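Structure record follows, encoded as structure tokens.
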Amino acid sequence: MFDEVLVPTDGSDCAAAAVGNAVDIASHYGATVHVLSVLDSRSQENAEHQARDGTRAEAVVDEVTEEMVDAGLGVERTVRTGVPYEVILEYVDEAGIDLVVMGTHGRTGVERYLLGSVTEKVLRRSDVPVLTIRDAEDGSVHYPYESVLVPTDGSAAAGAAADVGLDLATRYGSELHVVSIVDALSMGVDVRSELMTDALEASAREAVDGIAERAGGAVGGVETAVAYGSPYKKLRRYVEENDVDLVVMGTHGRTGLERYLLGSVTEKLVRTSPVPVLTVRTAEAGSE
């Protein structure tokens with residue numbers, strides 16, 4: 476599934492955290508890692524400034540490349556100039572990348588719960604899965620992934636994410652957690668009837684059981700759950716209470732948001748999750 480893994484890096488702590496995850500995934504899949512640093516053409520004030528940034532970018536790429544080589548991985552290294560998110564997406568298409576691994580923010584420095592602009596734009600536009608990693612304040616490391624959470628609402632986006640989550644859990648021998656959150660209150664007062672509530676729960680249970688059945692004995696155990704409440708809050712709590720190492724989810728659910736929107740639940744988890752979040756876009760959502 477993952478043969479070509481891209482790691483954009485700017486030398487920040489968040490990017491360094493992403494490198495560790497990329498090494499681990501590439502080692503499990505026997506993938507080639509592409510290390511890319513982008514000089515922002517919009518900030519190149521003069522030749523001296525450009526040369527200084529270029530030298531630094533080369534040093535960052537060399538350092539990450541050495542880490543990949545030490546891990547026994549095949550590596551492609553590149554330094555380019557342009558608008559960072561545009562260069563990253565162009566490289567994805569050009570090199571046949573299967574997975575992008577990046578920090579949630581870089582050297583520009585943003586508030587704790589905000590995404591860096593480059594990461595946000597890549598997430599919204601990438602047609603391949605994107606794994607985002609926050610720089611943990613306590614220095615915690617969550618790989619190798621022993622516990623993988625796949626949230627589902629039965630949508631096509633959730634199904635595409637489940638395919639990836641199942642593959643990862645199988646490759647790692649991880650325990651797989653499949654969870655569906657019924658957010659009845661957000662659908663209006665009329666759905667609070669016992670009949671509608673039962674229908675929503677039955678649909679959620681069907682979605683969860685379907686993924687669990689597909690996992691079979693290929694993973695290191697399966698846990699399922701259906702709960703009521705705010706999907707984001709419930710999922711965040713589930714991650715913390717069940718020692719989840721990785722969340723794999725679609726970029727949008729049944730609400731059918733526009734191409735460049737992630738979906739509120741996914742976006743909130745990406746911004747605040749204490750563990751890496753891998754977002755997967757459906758083929759339909761990725762097409763024009």
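Numbered per the working numbering, the sequence shown spans residues 476 to 763.
Beta carbons: idealized from backbone N, C-alpha and C, even for Gly.
Quantities reported herein were computed from a predicted structural model and do not represent experimental measurements.
Under 8 Å by Cβ, that's how I've got residue i and residue j pegged, so tell me the actual separation to the nearest angstrom.
{"i": "Leu721", "j": "Tyr620", "result": "4 Å"}
{"i": "Val719", "j": "Val750", "result": "6 Å"}
{"i": "Ala491", "j": "Val480", "result": "Contact doesn't hold; Cβ gap of about 16 Å is too wide."}
{"i": "Tyr703", "j": "Val657", "result": "5 Å"}
{"i": "Val697", "j": "Val654", "result": "About 11 Å separates the two Cβ atoms, so there is no contact after all."}
{"i": "Ser748", "j": "Arg711", "result": "7 Å"}
{"i": "Met577", "j": "Pro483", "result": "5 Å"}
{"i": "Val567", "j": "Val508", "result": "With 8 Å as the limit, Val567 and Val508 do not qualify as a contact, their Cβ atoms being about 14 Å apart."}
{"i": "Gly648", "j": "Val723", "result": "Actually they are not in contact, since the Cβ atoms of Gly648 and Val723 sit about 16 Å apart, beyond 8 Å."}
{"i": "Val752", "j": "Thr607", "result": "6 Å"}
{"i": "Val575", "j": "Val603", "result": "6 Å"}
{"i": "Ala611", "j": "Leu651", "result": "Not quite, the Cβ-Cβ distance comes to about 23 Å (not below 8 Å), so this is no contact."}
{"i": "Val605", "j": "Val597", "result": "6 Å"}
Please work out which residues of its chain come closer than 6 Å, Cβ to Cβ, to residue i, disregarding the five sequence neighbours upstream and downstream, and give them in chain order.
{"i": "Arg609", "result": "Thr579"}
{"i": "Arg555", "result": "Val513, Val562"}
{"i": "Ala687", "result": "Val653, Val697, Thr699"}
{"i": "Tyr618", "result": "Asn496, Asp499"}
{"i": "Glu553", "result": "Residue identity check: residue 553 is Thr in the sequence provided, not Glu. Taken in chain order, the residues that qualify are Leu511."}
For residue i, is the classification buried or exposed, using 16 other Cβ atoms within 10 angstroms of its Cβ as the cut-off for buried?
{"i": "Arg527", "result": "exposed"}
{"i": "Gly725", "result": "buried"}
{"i": "Ala493", "result": "buried"}
{"i": "Ser615", "result": "exposed"}
{"i": "Thr754", "result": "buried"}
{"i": "Glu742", "result": "buried"}
{"i": "Ala674", "result": "exposed"}
{"i": "Asp613", "result": "exposed"}
{"i": "Asp478", "result": "exposed"}
{"i": "Ser622", "result": "buried"}
{"i": "Ala534", "result": "exposed"}
{"i": "Arg517", "result": "exposed"}
{"i": "Glu595", "result": "buried"}
From the DSSP output, read off the bridge partner residues of residue i.
{"i": "Gly495", "result": "Gly495 is not bridged to any residue."}
{"i": "Gly549", "result": "Thr507"}
{"i": "Leu651", "result": "Val623, Val697"}
{"i": "Asp515", "result": "Gly557"}
{"i": "Val536", "result": "Bridge partners of Val536: none, in fact."}
{"i": "Ala607", "result": "Per the sequence shown, the amino acid found at residue 607 is Thr instead of Ala. Met577, Val752."}
{"i": "Tyr707", "result": "For Tyr707, which the question treats as bridged, DSSP gives no partner whatsoever."}
{"i": "Glu479", "result": "Thr507"}
{"i": "Ile656", "result": "Ala702"}
Measuring only from the beta carbon, is residue i closer than 7 Å to any heavy atom that is part of the ligand ADP?
{"i": "Leu481", "result": "No copy of the ligand ADP appears in this structure; indeed no ligand is present at all."}
Identify, in the order they occur along the chain, each residue of the same chain with its Cβ nearer than 7 Å to the Cβ of residue i, setting aside the five sequence neighbours on each side.
{"i": "Ala546", "result": "Val498, Ser502"}
{"i": "Gly731", "result": "Bear in mind that a pLDDT of 42 at Gly731, under 50, signals an unreliable position, so the model cannot answer this."}
{"i": "Arg646", "result": "His503, Tyr504"}
{"i": "Glu676", "result": "Val657, Val701"}
{"i": "Thr627", "result": "Ala633, Ala637, Val653, Ser655, Ala682, Val683, Ile686"}
{"i": "Pro559", "result": "Val513, Asp515, Val593"}
{"i": "Ala532", "result": "Ser512, Leu514, Val554"}
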